[in-house]
Each structure stands twice: as structure tokens, then as C-alpha cells.
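In this note's numbering, the protein residues as written are 5 to 295.
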């Protein structure tokens with residue numbers, strides 16, 4: 005298991021392995037193992053040098069890239085190994101998943117290859133928040149423990165109308181829920197085709213990035229989940245955010261645990277930069293996890 009392989013308590017001086025006739029530390033062995041595995045995971049990148057027991061997975065924002073998380077990852081390094089989830093469509097010839105349902109499944113599959121068991125910590129930022137929430141929900145549905153879900157400067161992706169819709173269908177049999185989700189995903193695909201946002205093999209650079217951003221913009225209007233989570237929700241909101249202010253009630257109703265909205269310094273973007281990101285990291289680290 006990745007957790008056991010990478011996150012050893014044993015020190016380098018206590019345990020060594022012989023490879024090619026030379027002894028290397030357990031720490032170096034773990035690092036080599038991790039790098040080999042990450043080369044096979046085309047959507048996950050490690051963003052800090054943490055060698056901790058806890059992994060922190062953060063989904064890309066609307067532009068699909070991970071550069072905005074570098075300073076946050078460094079600030080979390082003593083507590084978490086931070087892994088960013090990169091949008092697949094940014095790479096030359098790459099395609100975005102057909103719809104948000106497949107996107108969440110794709111990212112979840114890669115997370116489980118990196119960490120097979122233990123407690124999961126999932127986060128998103130901006131348009132990545134509903135995807136992070138859905139990943140957390142699916143982890144729980146599969147019997148995994150989610151310590152907390154962090155929604156950075158999140159808009160209320162479960163609106164009042166969506167909430168009423170969720171309440172109406174929550175008692176339906178599983179196969180009917182699947183049909184409803186499938187229908188929503190068909191609408192998503194239709195909107196992508198109508199807007200000509202589908203990625204082509206010959207799309208390059210800025211044009212490819214714009215299509216990824218449009219995909220994420222459209223994604224935020226479609227419901228993937230028809231259920232709530234058990235994990236605590238932490239919702240740090242930038243003091244100077246231009247986004248609509250969310251109410252406590254709207255987040256309370258999508259978790260069986262606790263939801264905490266907390267103001268942090270900065271704007272929507274600068275909350276992830278120094279000096280503000282240090283406070284944001286402290287909030288994430290100190291917010292209680294599910295026990």
C-alpha cells in the first residue's frame with residue numbers, strides 16, 4: 005500500500021535496504037517508489053516534499069493547472085504530503101472526461117492507486133470544489149474514511165433549487181438515481197457540443213486552456229451527487245472574494261457532520277499566496293478531522 009510504503013516512522017539510520025550491492029535508506033527507497041508510481045499517474049503531481057502519514061489531495065481550479073497551489077503545499081508540508089490533481093485535457097492531444105461524472109471517477113481511480121487505504125483528505129478551489137466534494141462522497145460510499153473536505157472560497161454549488169431536487173430523489177431506488185444522473189450528463193455533453201468546447205487533437209496552448217476553462221464553467225451548473233457526505237466540511241472564504249457569500253445553512257445541509265465557514269485574509273487568488281497562505285494553512289491543519 006502506498007500509505008505504508010511512503011509514510012514510514014522508521015528512520016533512515018534504523019532501516020536500510022541493499023540495492024545493487026549498496027545500502028540505501030528506507031526514506032530513499034520510499035521516495036524512489038513514489039516517483040515511479042507518480043510517473044504512471046498522469047493526473048497527479050506531488051506539490052511538496054512532505055514525508056508524512058497524511059496525504060492531502062487537491063483538485064485543480066477552472067484553468068486546470070496546479071501552479072496556484074505551490075505556496076499552500078509548502079505551508080502544509082510539515083503536516084501533509086500534498087498532491088495536486090491536474091486536468092487531463094491540458095496535455096497535447098489530451099481529452100477531458102466526457103462529463104463531470106466520469107471526471108470524478110477518473111480522479112478517484114488515480115487517488116486510490118496512490119493511497120489504497122487510511123484516512124483521506126480532499127480539497128478543491130473555485131470550480132474544483134464540486135469535484136472534490138463528489139470524490140469525498142464516493143470515497144465514503146466505497147467504505148473509506150474521509151477526514152475532512154476542504155472547499156476553498158467555494159460558491160454554493162448545491163443551490164436551493166438543487167437541494168429541493170436532491171430531497172425529492174433521495175428516496176428513489178439506486179437505478180432511478182443513476183438514470184437521473186445519466187440524463188444530467190447527457191445535457192452536459194450536449195451543451196459542450198453546442199458550444200463547440202470539445203477538445204480536438206490539434207488544439208494548442210491558450211486555445212486548449214480556454215476549452216478546459218469552459219468545461220469547468222459548464223460543469224459547475226450540473227449536479228453529479230444526489231447524496232450528502234459524512235465528513236466535516238471546511239469552507240475558508242477570502243475576505244475580499246467577489247463570489248456570492250455562502251450561508252452556513254447551505255453547507256450544513258450537505259454534511260451529516262459539521263460545516264465551518266471561516267474568513268481568511270486576501271482575495272480569491274491572493275488567499276493562496278504569501279503572506280495570506282500561511283494563515284490559510286494553519287486553518288486547514290487545525291480544523292478537526294473526523295475521528
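Using N, Cα and C, we set each Cβ at its ideal position, and we do this for glycine too.
Span separating the alpha-carbon of residue i from that of residue j
i, j, result
"residue 139", "residue 206", "31 Å"
"residue 194", "residue 283", "42 Å"
"residue 272", "residue 285", "15 Å"
"residue 196", "residue 95", "19 Å"
"residue 15", "residue 33", "Because the pLDDT of residue 15 is 33, which lies under 50, any placement of that residue in the model is unreliable, and the number read from its coordinates should be weighed accordingly. Cα to Cα, the separation comes out at about 12 Å."
"residue 170", "residue 230", "5 Å"
"residue 129", "residue 157", "6 Å"
"residue 80", "residue 289", "7 Å"
"residue 72", "residue 49", "13 Å"
"residue 189", "residue 199", "15 Å"
"residue 82", "residue 54", "6 Å"
Beta-carbon proximity check, residue i vs residue j, cutoff 9 Å
i, j, result
"residue 192", "residue 104", "yes"
"residue 124", "residue 154", "no"
"residue 266", "residue 237", "no"
"residue 260", "residue 233", "yes"
"residue 224", "residue 159", "yes"
"residue 52", "residue 77", "yes"
Closest residue to residue i among the options (Cα-Cα distance)
i, options, result
"residue 46", "197, 76, 52 and 98", "98"
"residue 65", "44, 294, 92 and 253", "92"
"residue 202", "169, 276 and 101", "101"
"residue 292", "267, 277 and 263", "263"
"residue 56", "38, 209 and 280", "38"
"residue 108", "142, 213 and 43", "142"
"residue 61", "247, 117, 177 and 245", "117"
Beta bridge counterpart(s) of residue i as assigned by DSSP
i, result
"residue 129", "156"
"residue 194", "Answer by DSSP bridge pairing: none, since residue 194 is not bridged."
"residue 245", "In the DSSP output, where bridge partners are listed per residue, residue 245 has none listed."
Environment of residue i [buried if 16+ CB atoms lie within 10 Å]
i, result
"residue 36", "exposed"
"residue 165", "exposed"
"residue 112", "buried"
"residue 278", "exposed"
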